[in-house]
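Everything below concerns the one structure shown next.
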Amino acid sequence: MKNRILAPSMLSADFGHLADDTKMIDRSAAQWIHIDVMDGVFVPNISFGFPVLKAIKAASDKFCDVHLMIVDPEKYVERFAKAGAHLVTFHIEATKDIQGTIDLIRQSGAKVGVSIKPGTPAEVLDEWLDKIDLVLVMSVEPGFGGQSFMPGSVDKVKYLRQAIDSRGLDVTIEIDGGVSAANAGMLYEAGCDALVAGSAVFGAPDPEAEILKILNA
Ligand code: DX5
Ligand code: ZN
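Per the numbering used here, numbering of the sequence shown is gapless, rising by one per residue and ending at 220.
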């Protein structure tokens, strides 16, 4: 079986007990920690920025997976890399300068991710696959946790798996939105390397056990 990665989304954490929730993820079998940054412009919601990332970083040694849902990400990607993001993912719909944004992330020493919204066809990624480390397929409209999984995203994963493998590329496929133990097995089988899960993890009575359940689904 291929290596299965899980990235719990801190958007669903209890911000009154942020350090405790972060340490719980750090103790768990999840390999990554997913950080959702929203600007109220690219998406109709505002989440958090650098001070919260700093607090999470202070309590976590996990691979730090930052998902930027902001316009003009090129203005901020270097700061996120400096703040400790191991991977900086931006939306292809959010910038006029895709190559420039990729270059800025690379120069900062972080890995490069590019994400597509549900309405964006996977084919737009074809020309970028040999320049990036990860593709993030959104399986809900970005902006909020707790939404229902959009099944159409599975065909995008299959398309990307085939495109990446047939070209012999080393690009991780991540999916984000509506993921739970109920669909995780199907998603790993379809070709996902990494799953993001927010409400399914933090809404579970025993989040650490739920993480294992998703990884072994
Ligand atoms: C949504 C975010 C997701 C969100 C997922 O815009 O990008 O990472 O936290 O939440 P769930 O897993 O609850 O759908
Ligand atoms: Zn996300």
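We treat Cβ as the ideally placed atom computed from N, Cα and C, and that holds for glycine.
Straight-line gap, residue i to residue j (C-alpha atoms, nearest Å)
i    : j    : result
S111 : L172 : 22 Å
K60  : K159 : 32 Å
H24  : A62  : The residue asked about is misnamed: residue 24 is Asp in this sequence, not His. About 9 Å.
F66  : L9   : 11 Å
I108 : M72  : 15 Å
A33  : K161 : 24 Å
A84  : F53  : 11 Å
I178 : P124 : 14 Å
V140 : I176 : 8 Å
L215 : P11  : 12 Å
M153 : K99  : 27 Å
I1   : G155 : Since the displayed the chain opens at 4 and closes at 220, residue 1 lies outside it and no answer follows.
W131 : A113 : 17 Å
D196 : L128 : 17 Å
K5   : S169 : 17 Å
G122 : I101 : 18 Å
D106 : E126 : 21 Å
A56  : I36  : According to the sequence provided, residue 56 is Leu. The question's Ala does not apply to it. If you take the alpha carbons of L56 and I36, they lie about 11 Å apart.
G19  : Y79  : 26 Å
Contact under 7 Å by Cβ, residue i with residue j
i    : j    : result
R164 : G188 : no
I167 : V174 : yes
V44  : V74  : yes
T104 : E81  : no
A207 : E213 : yes
L21  : A58  : yes
Same chain, Cβ closer than 7 Å to residue i, neighbours up to 5 away in sequence not counted
i   : result
N48 : M41, G146 and F147
V17 : A small fix is needed here, since residue 17 is Asp in this sequence, not Val. Around D17: D24.
K26 : A62
Own chain, CB closer than 6 Å to residue i, minus 5 neighbours either side, in chain order
i    : result
G87  : K60 and C67
E211 : S31
V69  : I38, F83, A88 and V91
F51  : none
G149 : S202
Residues near residue i by beta carbon distance below 8 Å, same chain, minus five either side
i    : result
I217 : L9, V182, S183, A184, A187, L198, A200, A203 and V204
S151 : V143 and G181
D64  : D29
Residue i: CB within 6 Å of a non-hydrogen atom of the ligand FAD
i    : result
P145 : This structure lacks the ligand FAD; the ligands present are the ligand DX5 and the ligand ZN.
Query raised in the report: Does the pairing of the stretch 191 to 207 with the stretch 122 to 135 give three or more beta-carbon distances under 8 Å?
Result: Using a C-beta cut-off of 8 Å, the stretch 191 to 207 makes no contact with the stretch 122 to 135, since fewer than three inter-stretch Cβ pairs fall below that distance.
**Report entry** the stretch 88 to 99 in contact with the stretch 110 to 129 per 3-pair CB rule at 8 Å
**Finding:** Contact holds: three or more Cβ-Cβ distances are below 8 Å.
Query raised in the report: Among all residues, which have a Cβ less than 6 Å from at least one non-hydrogen atom of the ligand ZN, and in what chain order do they fall?
Result: Selection output, chain order preserved: S12, H37, D39, H70, D179 and V199.
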